[in-house]
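See structure below.
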Amino acid sequence: LSDRLSGVFDKLKKRGALSEADISAAMREVRVALLEADVALPVVKDFIAKVSEKSIGHAILKSVTPGQQVIKIVHDELIAMLGSGEDEADSPGGFGGQTLPLLGVPPVPVLMVGLQGSGKTTSTAKIAKRLSEKDHKRVLMASLDTRRPAAQEQLRVLGEQIGIKTLPVIEGQMAVDIARRAMEAARLQGFDVVMLDTAGRMHVDDDLMREVIAVRDQVKPVETLLVADALTGQDAVSVARSFDERLGITGVVLSRMDGDGRGGAALSMRAITGKPIRLIGTGEKPDALEAFHPSRIAGRILGMGDVVSLVERAAETIEADDAERMAAKMRKGQFDLDDLRSQLRQMKKMGGMKGLMSMLPGMGKLTKGAPKLDDKVLGRQEAIICAMTPKERRDTRVLNASRKRRIAAGAGVSVQDVNKLLKMHQQMSGMMKKMSKMGKKGGLPSLPG
Ligand code: GDP
Ligand code: MG
5 LSDRLSGVFD
15 KLKKRGALSE
25 ADISAAMREV
35 RVALLEADVA
45 LPVVKDFIAK
55 VSEKSIGHAI
65 LKSVTPGQQV
75 IKIVHDELIA
85 MLGSGEDEAD
95 SPGGFGGQTL
105 PLLGVPPVPV
115 LMVGLQGSGK
125 TTSTAKIAKR
135 LSEKDHKRVL
145 MASLDTRRPA
155 AQEQLRVLGE
165 QIGIKTLPVI
175 EGQMAVDIAR
185 RAMEAARLQG
195 FDVVMLDTAG
205 RMHVDDDLMR
215 EVIAVRDQVK
225 PVETLLVADA
235 LTGQDAVSVA
245 RSFDERLGIT
255 GVVLSRMDGD
265 GRGGAALSMR
275 AITGKPIRLI
285 GTGEKPDALE
295 AFHPSRIAGR
305 ILGMGDVVSL
315 VERAAETIEA
325 DDAERMAAKM
335 RKGQFDLDDL
345 RSQLRQMKKM
355 GGMKGLMSML
365 PGMGKLTKGA
375 PKLDDKVLGR
385 QEAIICAMTP
395 KERRDTRVLN
405 ASRKRRIAAG
415 AGVSVQDVNK
425 LLKMHQQMSG
435 MMKKMSKMGK
445 KGGLPSLPG
């Protein structure tokens, strides 16, 4: 996913001005990339629609670097789709900084469900450990997995390792009966939380569902967590959907986020079920459990490093007055070279190309190979505009061959450089005109002013 996307974004980053065609070409690539990463089709469609609307709308016009702005829009939309983050386990605005929102009279039952090998047993132990150490809860674990030989033993051993009590095993007992016994034991012994680890199957089947539903009806869990392997793609989504439809889940635990997966599963899970991703598993060890941070995952899906803070810096640097004056001009389709010059100056203020580039992942090696991409380009472009008369800046149509030669000489550049700058300006103002027309028709959000 990231290879393709960084290709797309590399192209965008290099563009001074974007056209509608640039954006729709980029969106086609993003779409294919998400599909290749096994994000479900309806999720992809919805995503692309939202991002396109924002990109073609007013949001990018105000930006110094429209290419960056598109990346930021894609990134922000990913975060929105992953969940805004107010219910993350460590956010102060979440459920009181607790691992899980475990409201109710203790002992509170937590039901762990999912396919075989998804990481249920491991996650059960990890969550129990975290609840005990971080939230100071008294936790009892019970394995309801009567199908796999030694599954109950696996949980007991894990419990011993991490110092969490497990319900003693009684051979031959059914899952529902074990669940009932676990709740009774917890009540009698004053436990706060009962973690119920269930059996899984290779595929969702009626047998499995009936069993889990019976357990659910028996214990009435406060949290029903679907454990899903982040490395499985489209499959994980259909699994999530069937568990949610038939059983009703309250959240997702994504295991194996330490693997090579880019987190595409997280996006689909959240979008399809609408249920929050509570926690992520990042290794085999009992400590390898983390709160879910949408912004980190969005960055990971994009493979983008610090693009967002970069774009935020850009937004801060644009002075409000300037932006407003610019917007008014854009509306009239009067973006002249004076405006372009102030844009170039803004870019310099932000630390120039070098500063910008150093914040982008993969750009280090790129700038080595192409040393031309530095502040010199900005300086040269500004020098060209400065070498023009005010009249020329306002209306580039007067620029004939001899005027161009004069300007080139004055700025110490070639006529080609002058032409390149003019072309860039033409592209930008052309797009702005087009957009302001669309704005008037009411088909798109109006321009900022
Ligand atoms: P269950 O069948 O759903 O109970 O799955 P298990 O909890 O037994 O896990 C299956 C395998 O996945 C085990 O070898 C675990 O060590 C491994 N596993 C579980 N969670 C993670 C994780 O977050 N990262 C990695 N790398 N391995 C994990
Ligand atoms: Mg298991």
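Taking full-length UniProt numbering, the leading residue of the sequence shown gets 5, the next gets one more, and so forth.
Quick reminder that beta carbons are idealized off the backbone N, C-alpha and C, glycines included.
- By the Cβ neighbour-count rule, G108 is exposed, with fewer than 16 other Cβ atoms within 10 Å of its own.
- Residue range 45-60 is occupied by the alpha helix (DSSP H) that includes V48, with no beta strand (DSSP E) assigned at that position.
- Summarising the contact set, residues whose Cβ lies nearer than 7 angstroms to any heavy atom of the ligand MG are, in chain order, K124, T125, D149, R152, A155, Q158, D201, G204.
- Taking 8 angstroms as the cut-off, the C-beta of R282 does not count as close to any heavy atom of the ligand GDP.
- Of the heavy atoms belonging to the ligand GDP, none sits nearer than 8 angstroms to the Cβ of Q222.
- V197 is positioned such that its CB atom lies no closer than 9 angstroms to that of L229.
- With contact defined as three or more Cβ pairs closer than 8 angstroms, the segment 208-226 and the segment 182-200 are in contact.
- Taking C-beta atoms under 8 angstroms as the contact rule, L148 and A203 qualify, at a distance of about 7 angstroms.
- Relative to the non-hydrogen atoms of the ligand GDP, the Cβ of M261 comes within a distance shorter than 8 angstroms of at least one.
- A contact between stretches requires three or more CB pairs, one per stretch, nearer than 8 angstroms, and the segment 146-163 meets this requirement with the segment 126-133.
- Taking the Cβ of E81 as the reference point, every heavy atom of the ligand GDP lies at 8 angstroms or farther away.
- The beta carbon of D262 lies closer than 6 angstroms to those of T286, G287 in the same chain, with the five residues before and after it left out.
- Approximately 6 angstroms separates the beta-carbon atoms of V422 and I388; this is inside 8 angstroms, confirming the contact.
- By the 16-neighbour rule on beta-carbons within 10 angstroms, L192 is exposed.
- CA-CA distance, G434 to K424, rounds to 15 angstroms.
- Residues of the same chain with a CB within less than 6 angstroms of the CB of A218, apart from the 5 flanking positions on each side, are V180 in chain order.
- Judged by the Cβ position, Q165 fails to qualify as a neighbour of the ligand GDP at the 8 angstroms threshold, every heavy atom of the ligand being at least this far.
- Closer than 8 angstroms to some heavy atom of the ligand GDP: that does not describe the Cβ of V173.
- The three-state secondary structure of D210, taken from DSSP, is helix.
- Within the same chain, and ignoring the five residues on either side of A240 in sequence, the residues whose Cβ sits closer than 6 angstroms to its Cβ are A232, A269.
- In this structure, E288 has its CB closer than 8 angstroms to one or more heavy atoms of the ligand GDP.
- Of all alpha-carbon atoms in A25, G416, F339, the one lying nearest the alpha-carbon of L426 is that of F339.
- Secondary structure note for L162: its alpha helix (DSSP H) is the uninterrupted segment 155-166.
- For L45, the Cβ stays outside the 8 angstroms cut-off from all heavy atoms of the ligand GDP.
- Around the beta carbon of T393, a 10 Å sphere encloses fewer than 16 other beta carbons of the protein chains shown; the residue is thus reported as exposed.
- Taking a C-beta distance under 9 angstroms as the contact criterion, R185 and L171 qualify as a contact pair.
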